[in-house]
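Data block below; observations after.
There are 2 protein chains.
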Amino acid sequence: MATQRTRLGVPTRNAVDWEEAALDAIAAGGLRSVTIPSLAQTLGVTKGSFYWHFASLDELIAAALTRWELADKATLATLAAIEDPATRLRAAFEEAMQLTRAQALFIALNATPDDAVVATLRRVSQRRIRFLTAAFRELGLEAKEARERALLAYTAYLGAFHLRRQALDIPTYVAHAARTLIP
Amino acid sequence: MATQRTRLGVPTRNAVDWEEAALDAIAAGGLRSVTIPSLAQTLGVTKGSFYWHFASLDELIAAALTRWELADKATLATLAAIEDPATRLRAAFEEAMQLTRAQALFIALNATPDDAVVATLRRVSQRRIRFLTAAFRELGLEAKEARERALLAYTAYLGAFHLRRQALDIPTYVAHAARTLIP
DNA sequence: ACCTGAACACCGTTCAAGT
DNA sequence: ACCTGAACACCGTTCAAGT
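The listed protein sequences correspond, in order, to chains A and B.
Quick note on my numbering: the first sequence kicks off at 1 and runs consecutively.
Quick note on my numbering: the second sequence kicks off at 1001 and runs consecutively.
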């Protein structure tokens, strides 16, 4: 993570290192578990140095959020490259069955009332819904039906990683969802 | 809330008052916003008195959780009393479209890695899935199909209040979900 | 350019003392 | 039976000083 070095050969941290540490911590323990001393310890510095990179804990969290949003865009772009729309949708759904850091983050973030957080989540959701709507249109649904189906698929997707997080065993879930939702 | 009075006529708080204040605070501002001083101020006492009722903040949260779980059971019982299974399912789904304290709580709680919290959420989810499975069986689906359909409906239900929380406008969502999921 | 270390206000927790 | 008020450790934030 820390790529730069001082003249004395001691590695130095940058804003990205703090953001990644914050994302790890949010996903692992929720927003409540993110403290400057614990992040500082992870990075091997004292907590005072945090304020050279960010003005406040809230600012760090906002920056980490933007980082996550860009990664989400990249994931969508990768999925969008799958030619067959049915395969593409199944691939998107299977993702909900892996509890990745990104998904744990989504849940943790949606629990915060902070306006900036909510705005980011809304953008991410709208992007995902557009992705799904496009796939359903390619499968032959007309515009309104495609959007409604996309909303249903997206809410099922979000709910599915809630259940994963609760460690509920749902082995045939994806196959059933695909059969029911993909025309 | 405070029903008892001392000899001098000064109202006194009990554990339930603290639990309700905690649930309000979690739903409104997430787990991170729950502090003993702020709850104490809401209840008009000093923070020291908290420890007469609970051993720790975690213990209060556990007790509040149990309270929420019982309320959820009661809601399910009310819905279960609706005779027609299709009407019953639609009523359950429409609930996701109202952002109640209970739903904000579910999201906030699912963001915590605490074992006790996760265990409670799992019990609540299983109860709800049983409720849905029973309704789909009544609608004529065979056991396996009814359970899979219940899981899909439940994940869509959970995801739907994520979207409500993000203030995304989805006017025809319930009608479409009902049409697609209810046989 | 990045970090340390001391400082201060605030929250979680304890507890002796009050009514 | 329930509450106050003072105490202490810990976290967020500031900042002067270091390299």
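We treat Cβ as the ideally placed atom computed from N, Cα and C, and that holds for glycine.
Please read all numbers here as calculations on a predicted model, not as lab measurements.
Taking only beta-carbon positions, decide if residue i is within less than 9 angstroms of chain B.
i	result
L132/A	no
Q103/A	no
P11/A	no
Q126/A	yes
A108/A	yes
L163/A	yes
S33/A	yes
E148/A	yes
L158/A	yes
With 9 angstroms set as the bound, which would you pick, yes or no: does the beta-carbon of residue i sit closer than that to a beta-carbon of chain A?
i	result
A1021/B	no
S1038/B	no
L1076/B	no
I1182/B	no
G1140/B	no
Q1166/B	yes
T1172/B	yes
R1122/B	yes
H1053/B	no
V1118/B	yes
L1151/B	yes
P1113/B	yes
So, using beta-carbon positions, are residue i and residue j closer together than 9 angstroms?
i	j	result
E1020/B	A1064/B	yes
V1117/B	R1067/B	no
L1121/B	L1109/B	yes
D1024/B	D1058/B	no
G1030/B	A111/A	yes
A1146/B	F1093/B	no
L79/A	F131/A	yes
A1055/B	S1049/B	no
I129/A	R165/A	no
R32/A	R1032/B	yes
L151/A	L1151/B	no
Who are the near neighbours of residue i in its chain, counting only those whose CB is closer than 6 angstroms to its CB and skipping five residues on each side?
i	result
A27/A	R101, A104 and L105
E138/A	P85
K144/A	none
A96/A	Y157, A160 and F161
How should residue i be labelled, buried or exposed, when 16 other C-beta atoms within 10 angstroms of its C-beta is the threshold for buried?
i	result
N14/A	exposed
M1001/B	For M1001/B, the predicted structure reports a pLDDT of 40, less than 50, and the residue's modelled location is therefore unreliable. A value from the coordinates is still provided. So M1001/B ends up on the exposed side.
Y1154/B	buried
A91/A	exposed
R1088/B	buried
A177/A	buried
A81/A	exposed
T133/A	buried
W52/A	exposed
Identify, in the order they occur along the chain, each residue of the same chain with its Cβ nearer than 7 angstroms to the Cβ of residue i, setting aside the five sequence neighbours on each side.
i	result
L1168/B	none
V124/A	E69 and D72
R949/B	The structure shown does not extend to residue 949/B, since chain B is modelled only from 1001 through 1183, so no value can be given for it.
G9/A	With a pLDDT of 49 at G9/A, under the threshold of 50, the predicted position of this residue should be treated as unreliable, and no value is reported.
I36/A	K47, F50 and L57
P1183/B	L1139, G1140 and L1141
A22/A	V34, L39, L60, I61 and A64
Excluding five sequence neighbours on each side, which residues of the same chain lie with their C-beta closer than 8 angstroms to the C-beta of residue i?
i	result
S38/A	A25
A1119/B	none
R1007/B	Because the pLDDT at R1007/B is just 44, under 50, the model does not fix this residue reliably, and the point stays unresolved.
Taking 8 angstroms as the cut-off, is the CB of residue i close to at least one heavy atom of the ligand FMN?
i	result
D115/A	Only the bare structure without any ligand can be found here, which leaves the ligand FMN out of the picture.
Answer yes if the segment 73-85 of chain A comes into contact with the segment 171-180 of chain A, meaning at least three C-beta pairs across the two stretches below 8 angstroms, and no otherwise.
With a cut-off of 8 angstroms, the segment 73-85 of chain A and the segment 171-180 of chain A do not count as touching, because too few Cβ pairs lie within range.
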